[in-house]
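So the structure is just underneath, and the comments pick up after that.
Residue numbers (my numbering), protein chains in the order written: chain L, 1 to 174; chain W, 1001 to 1286.
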C-alpha cells in the first residue's frame, strides 16, 4: 500500500478521498499560528476553531473552493461515516484568506473520539462564481462526486493532518 | 500459541518443539512423547516419480481436506476405519511401529492403494501420504477445533482432547491427514519433497483465515494488523515530509550561500573602486 513518496499517497488520502492529481496551487494552513504540513499531528482541541488558510498567489480574480473532510469518521477501523464534511467554503479569491469566501458549511472541529483521524483539506479551482448548495447532512460526503457535480475538475491542492483526541489513543479500553 | 490453547495438549507445552510428541495429547502419548525427543531420522531416497505421485495424491486430498469440514472428513475416516487403529493406546500405525512411522512417510509400506478419485475422503492416512503442508487456512494461532486435528495425528488416543478435538481425533486415530504445525515437523518428514520449500518459511502465512473459526481472536488480529499498517503509513508519511523539507532546505541553503558569496565579492569590488577614485561630493549651494 505504500505507493511512492508523496505523503498524500502514502497515507491513502489519494485513494480514499481523491484521485491522483497535479498540484498547481499552494495553501498555507495555520491553526493558532502553527503551520501544518502533511501528516502533522494535532489534538482535537487544537483544531477546534477554524484555521487561517492562505492561498498562495497574486491573481485575485481566481476563485477557489475549499472542502475539509474527515475520511476516518467515526473511527479509522470502522469509517462508516466516510467522509465527514467539516467545512465547505466557496468563492475564495486567490492570495487571500479563506474567510473572504462564501462559507456554505460552517467549520466544525474534527471529532476524534476513537483512533487517529486523517483530516484533509482539498482545494478546487472554480471557473466561474457558482452557487453551491450545502448537502443535507455532513456524513457520507463524497468529494469525488461533489467535484463532479459542480464541474470543479480535479483538485489543485490538498493537505492533510492527523487528529486525535485529548487523552491520546491506544492503551487498554476498559 | 495453539499448543497452550488446547486443554488436552498438556504434556508438551512448548510449541516450538515441533515434534510429533508435542502434538499428541493424551496419556498414552507418553510413548510418543518420550520419543519426541528423537533425533529426526533421515528419509531414504525415493524416485522423483514416487514423490510426485505422492504430491498429486496429496493435493486433491489436501484441498478437500481443507474445505473446513473436518467433521465430514472425520466421518469418512471412520467409515473406512479399517485402516485406523481401534486401539487407541497402540502407538503403531497400520502395523508400523512408531520408529518406522517417524522414519518418514516416504518410506512407508504401501499397504493400501491410494484413492484414485478426488472424491475420496481425505484419508490421507494412506501409507504414502505426505504430511500435509500447512495451508494458509490454518495460521499458527488457530485454536481448539483445528488444532485438535493437528495433534491428533500421532495416531492414538486423542481421547483427552477437547470434545470437539476429541471426536475428530479419534476418527483420525492413526494420525490421518493431520495438519502439521509448520516448521520442523514438515522439514523433518519431507526433506526431499519439493513441497518442503513451503516448510522452510513456516511463519509466512496468508492472513485471510476462515472467517468462521475462532472469530474474536481472528477479528482482533486482523484489526490489529490494519491498525499497525495505518500506523506504519503515518510514520512513513511523516518521514517523507521531513525528507522533502530537508531537501528543500538544503537546496535553499546552497543557493543562499552562493548568493552570499557573490554579494560579498560585489562588496569587495565596490570597495576597491572607491578607494582609487576621487571623492567628489557637493557641499556648497551652487
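Heads up, the beta-carbon is just placed ideally off N, CA and C, and yes, glycines get one too.
Predicted model only: the values in this text are computed from it and were never measured.
inquiry  = List, in chain order, every chain W residue whose beta-carbon is nearer than 8 Å to that of residue 130 of chain L.
reply    = Result: empty, since nearest Cβ-Cβ is about 33 Å, beyond 8 Å.
Collapsed DSSP secondary structure at residue 1019 of chain W in the structure displayed = Bear in mind that a pLDDT of 44 at residue 1019 of chain W, under 50, signals an unreliable position, so the model cannot answer this.
ask   = When you compare each of L:73, L:25, L:62, L:13 to residue 111 of chain L by their alpha carbons, which one comes out closest?
value = Answer by Cα proximity: L:73.
Close-in-space but distant-in-sequence residues of the same chain around residue 1224 of chain W (CB under 8 Å, 5 per side omitted) = Once the five neighbours on either side are set aside, residue 1224 of chain W has no close Cβ partner at all.
query = Between the beta-carbon of residue 100 of chain L and the beta-carbon of residue 67 of chain L, is there less than 9 Å?
reply = No, the Cβ-Cβ distance between residue 100 of chain L and residue 67 of chain L is not below 9 Å.
ask   = What's the C-alpha gap between residue 53 of chain L and residue 1249 of chain W?
value = Roughly 23 Å separates the two Cα atoms.
Residues bridged to residue 101 of chain L [DSSP beta-bridge criterion] = According to DSSP, which records beta bridges pairwise, residue 101 of chain L is partnered with nothing at all.
ask   = Are the C-beta atoms of residue 29 of chain L and some chain W residue less than 9 Å apart?
value = Not one chain W Cβ lies under 9 Å of residue 29 of chain L.
ask   = Helix, strand or coil: which one does DSSP assign to residue 126 of chain L?
value = In the structure shown, residue 126 of chain L sits in a strand (DSSP, three-state: E or B).
task = Check whether the Cβ atoms of residue 18 of chain L and residue 158 of chain L sit closer than 9 Å, and answer yes or no.
result = A distance below 9 Å separates the beta carbons of residue 18 of chain L and residue 158 of chain L.
key: The beta strand (DSSP E) enclosing residue 93 of chain L, as first and last residue numbers   = Boundaries of the beta strand (DSSP E) harbouring residue 93 of chain L: 84–93, taken from the DSSP string.
query = For residue 144 of chain L versus residue 70 of chain L, is the C-beta spacing smaller than 9 Å?
reply = No. Outside cutoff.
request  = Kindly identify the DSSP beta-bridge partner or partners of residue 5 of chain L.
outcome  = In DSSP, residue 5 of chain L forms no bridge with anything.
query = Do you know whose CA, among L:163, L:160, L:96, L:86, lies nearest residue 106 of chain L's CA?
reply = Ranking the options by Cα distance to residue 106 of chain L, first place goes to L:86.
query = Can you name the start and end residues of the beta strand (DSSP E) that residue 158 of chain L belongs to?
reply = Unbroken beta strand (DSSP E) run through residue 158 of chain L: 157–164.
inquiry  = Between the alpha carbons of residue 1255 of chain W and residue 1243 of chain W, how many angstroms are there, rounded?
reply    = Straight across, the Cα-Cα distance linking residue 1255 of chain W with residue 1243 of chain W is about 18 Å.
inquiry  = I need the DSSP call for residue 121 of chain L, collapsed to helix, strand or coil.
reply    = Look at residue 121 of chain L here: in three-state DSSP terms it is strand.
ask   = How would you call residue 26 of chain L, buried or exposed, if buried means at least 16 neighbouring beta carbons within 10 angstroms?
value = With a 10 Å radius around the Cβ and a threshold of 16 neighbouring Cβ atoms, residue 26 of chain L comes out exposed.
query = Do residue 108 of chain L and residue 138 of chain L come within 9 Å of each other at the CB atom, strictly closer than that value?
reply = A contact, by the Cβ cut-off of 9 Å.
query = Per DSSP, what kind of secondary structure is residue 1269 of chain W in: helix, strand or coil?
reply = The three-state reading of DSSP puts residue 1269 of chain W in helix, counting H, G and I together.
query = Should residue 115 of chain L be labelled buried (16 or more other beta-carbon atoms within 10 Å of its own) or exposed?
reply = A residue is called buried once 16 or more other Cβ atoms fall within 10 Å of its Cβ, and residue 115 of chain L is buried on that count.
task = Please go through the same chain and pick out, in chain order, the residues whose beta-carbon is closer than 6 Å to the beta-carbon of residue 62 of chain L, but skip the five residues on each side of it.
result = Excluding positions up to five away in sequence, the list reads 94.
key: Three-way DSSP call (helix, strand, coil) for residue 15 of chain L in this model   = Three-state DSSP puts residue 15 of chain L in a helix.
key: According to DSSP, residues forming a beta bridge with residue 1242 of chain W   = In DSSP, residue 1242 of chain W forms no bridge with anything.
task = Could you name the residues of chain W that residue 138 of chain L contacts, counting a contact when the two beta carbons are closer than 9 Å?
result = None at all; the shortest Cβ gap to chain W is about 23 Å.
ask   = For the ligand ATP, any of its heavy atoms closer than 8 Å to the Cβ of residue 11 of chain L?
value = Ligands displayed in this structure: none; no statement on the ligand ATP is therefore possible.
ask   = What runs of the beta strand (DSSP E), each 3 residues or longer, lie entirely inside the stretch 15–79 of chain L?
value = The qualifying runs are 26–31, 34–36, 40–43, 52–56, 63–70.
Under 8 Å from the C-beta of residue 5 of chain L: neighbouring residues of chain W = Per Cβ cutoff of 8 Å: 1240, 1243, 1244.
request  = For residue 12 of chain L, count neighbouring Cβ atoms within 10 angstroms of its own Cβ and tell me buried if that reaches 16, exposed if not.
outcome  = Residue 12 of chain L is classed as buried because its beta carbon has at least 16 other beta carbons within 10 Å across all chains shown.
message = Below 7 Å on C-beta distance, what does residue 1227 of chain W contact in chain L?
response = Result: 77.
inquiry  = Can you look up residue 1285 of chain W in the DSSP assignment and give me helix, strand or coil?
reply    = Taken through DSSP and simplified to helix, strand or coil, residue 1285 of chain W comes out as coil.
task = May I ask you to report which of helix, strand or coil DSSP gives residue 1287 of chain W?
result = No information on residue 1287 of chain W is available, as it lies outside the stretch 1001 to 1286 that chain W covers here.
key: Cβ-based neighbour list, residue 162 of chain L, same chain, cut-off 8 Å, excluding 5 preceding and 5 following   = Cβ within range, chain order: 39, 40, 41, 42, 116, 117, 118, 119.
query = Listing by chain order, which chain L residues have their CB less than 8 Å from the CB of residue 1252 of chain W?
reply = Residues of chain L passing the Cβ test: none, with the nearest at roughly 16 Å.
key: Cut-off 6 Å between Cβ atoms - residues of its own chain near residue 58 of chain L, not counting five sequence neighbours on either side   = Once the five neighbours on either side are set aside, the close Cβ partners of residue 58 of chain L are 95.
request  = Kindly indicate if chain W contains any beta-carbon less than 9 Å away from that of residue 55 of chain L.
outcome  = Not closer than 9 Å to any Cβ of chain W, the Cβ of residue 55 of chain L fails to qualify, so no.
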